[in-house]
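Scroll down for the structure; my scribbles are underneath it.
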Amino acid sequence: MSTPFNDPRLIGIAWRLDRLRWVPTDLLAEIVGRDGSCLTSDPHDEPPAEARTDREFAALLCAGCPVQDECLELDLRTAGEDTAGVFGVLPDDDRRDLLMHWRQRGERAEGGD
Ligand code: SF4
C-alpha cells in the first residue's frame, strides 16, 4: 500500500527536481513570474470549473504551464510546511507530503533548509 512515506509518485517528483538544485531562488522566482501560465493569463479568465478535488483543480489550473517544476521547486524552498493553494500541479497536501522526500535529496542553492 502506498503512503506518503513510500509514494513512488512523490519520490519520482523529488528526484526530478534535482535538476533545479543549484538554480538560485531569485532566478526561479523570475522565471515563474515571467512564464507561469496562471500569472500570464488574462485575469478575467474563469478558473477551471470541472475540478471536484484539489488535485483535479491543480491539474486543470497548471495544465500546459511551461514552468511547472520551477514553480514547485520555488514553493518548496520558500513556503515549506506553510504552503497553501496550488503550485506546480500539486495541491498543498501533496506538497507537504513531497517535502520530506525533497529534503532528503540534500542541499539546494539557498532557501531549501
Ligand atoms: S505551475 Fe501552476 S501555479 Fe505554477 S506558475 Fe504554472 S500555472 Fe501557475
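The opening position of the sequence shown corresponds to residue 1 in UniProt numbering, with each subsequent residue numbered one higher.
Glycine residues also receive a C-beta, built at the ideal position from the N, C-alpha and C atoms.
With a contact defined as Cβ atoms closer than 8 Å, L20 and E73 qualify at about 4 Å. Separation of T53 and D75 (C-alpha to C-alpha, rounded to the nearest whole angstrom) is 21 Å. Following the DSSP letters along the chain, one finds R103 inside the alpha helix (DSSP H) bounded by residues 92-104. Counted as a single uninterrupted DSSP element, the stretch harbouring W22 is not any alpha helix (DSSP H), since DSSP gives it neither H nor E.
Not one heavy atom of the ligand SF4 lies closer than 6 Å to the C-beta of G33.
By the Cβ neighbour-count rule, L39 is exposed, with fewer than 16 other Cβ atoms within 10 Å of its own.
Beta-bridge partners assigned by DSSP to V67: none are found.
The three-state reading of DSSP puts F57 in helix, counting H, G and I together.
Per DSSP, the continuous alpha helix (DSSP H) segment holding R16 begins and ends at 8-16. As a beta-bridge residue in DSSP terms, F87 pairs with L90. By the CB criterion at 7 Å, L28 and L98 fall outside the cutoff.
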